[in-house]
Amino acid sequence: MPKQRPYTLTIAGLDPSGGAGLTADIKTFEALKVQGLSVCTAITYQHESEFEGLDWLSMEQMERQLEIFLRKYKVPYAKIGLVPSLDVLQQLMDVMQKLSPDTRLIWDPILKASAGFTFHEQVQAAQLKELCKQLYLITPNWLEMQQLLPDTPVPEAAAQLSQHCHVLLKGGHNQEKPGYDYLYYKGEAKSFRPKQQVHVGKHGSGCVLSAAITALLAQNYPLHKACRKAKDYTTRFLNSNHTLLGYHHY
2 MPKQRPYTLT IAGLDPSGGA GLTADIKTFE ALKVQGLSVC TAITYQHESE FEGLDWLSME
62 QMERQLEIFL RKYKVPYAKI GLVPSLDVLQ QLMDVMQKLS PDTRLIWDPI LKASAGFTFH
122 EQVQAAQLKE LCKQLYLITP NWLEMQQLLP DTPVPEAAAQ LSQHCHVLLK GGHNQEKPGY
182 DYLYYKGEAK SFRPKQQVHV GKHGSGCVLS AAITALLAQN YPLHKACRKA KDYTTRFLNS
242 NHTLLGYHHY
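Note that the working numbering has the sequence shown beginning at 2, numbered continuously upward.
What follows is the structure in structure tokens.
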């Protein structure tokens, strides 16, 4: 009898191309041998190189999705991706706290689609820091961190937020050290250098990385090892072909 896989949850948008959002997360969960559950926050109209728009689901619809399976399944880790606002993020976190208080939450702050569509124009720093107190990990890239705390240099911004939760600062847009990721906690940083050169970017690579971290944490890897292994998995995904839609390795 095969070993029971741990459950993991993604709360994210539906990307019809399969490259990002829920579908990318579920592919990643399956490849890393966890049982994936999903809650849809939005239906998007896009493919890997064009974004035409989206329709948000209501908070009631999201909560109904959560309620039915959190009554049944124990979920040690969950990731949250595309949400319409920090207010909705807070509401989702409140629902998770009510239904599954032991679940640790990872937030991948998707502020802009890879095709250029902007989801959030402005973030209130005070609200952001309060949210971080209820999160286990956030995974912004360099540009997202600039948007989250625009008046603060990126490394300092990551260090500030790490007083409240772990921060994985992704380095794909870091001009000084491309590809270097930094895991911050309480102001201290651990670096992860790239093991391979990335030849072609991929639609949804940030979703894949955060989903991989979530899956590995659910398998009881320590956070720094989960980040390292997730980075390696994402690098293989990035180098899997010469298109914007990557392949997963099962």
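For glycine and all other residues, C-beta sits at the position ideal for the given N, C-alpha and C.
Measuring C-alpha to C-alpha distances from Val209 to each of Leu136, Lys28, Asp16 identifies Lys28 as the nearest. Here Ile44 is bridged, per DSSP, to Leu15, Asp56. The Cβ-Cβ distance between Leu93 and Met63 falls below 8 Å. Scanning the region 152-219 for uninterrupted alpha helix (DSSP H) segments of 4 residues or longer gives 155-162, 206-219, listed from N- to C-terminal end.
Residue burial is scored here from C-beta neighbours: Ser211 has at least 16 other C-beta atoms within 10 angstroms and is therefore classed as buried. Partner residues in a beta bridge of Thr24, as assigned by DSSP, do not exist.
At least 8 Å separates the beta-carbon of Ala79 from that of Ile139. Within its own chain, the residues whose Cβ lies closer than 6 Å to the Cβ of Cys133, once the five positions on either side in sequence are excluded, are Leu162, His165, Cys166, listed in chain order. For Lys80, the three-state secondary structure derived from DSSP is strand. In the three-state reduction of the DSSP assignment, Gln36 falls in the strand class, which pools E and B.
Going by DSSP, Arg105 is part of the beta strand (DSSP E) stretching over 105-108. Using a Cβ-Cβ distance cut-off of 8 Å, the region 141-151 and the region 168-175 are in contact, since at least three pairs of beta carbons, one from each stretch, lie closer than that value. Here Gln47 is buried. Its C-beta has 16 or more other C-beta atoms within 10 Å.
If you look at Val124, you'll find it isn't in any alpha helix (DSSP H); DSSP assigns it neither H nor E. Cβ-Cβ distances below 6 Å link Leu10 to Leu38, Val76, Ala79 in the same chain, with the five nearest sequence neighbours on each side left out; the list follows chain order. Cβ contact annotation for Arg105 (same chain, cutoff 6 Å, sequence separation greater than five): Tyr78, Tyr137, in chain order. For His225, the enclosing alpha helix (DSSP H) starts and ends at 224-239. Rounded to whole angstroms, the gap between the alpha carbons of Leu23 and His225 is 24 Å. The alpha-carbon of Ile81 is positioned some 6 Å away from that of Ile107.
No residue range can be given for Glu49, since it is assigned to no alpha helix (DSSP H) and is classified by DSSP as neither H nor E.
In the displayed model, Leu10 falls within a strand according to three-state DSSP.
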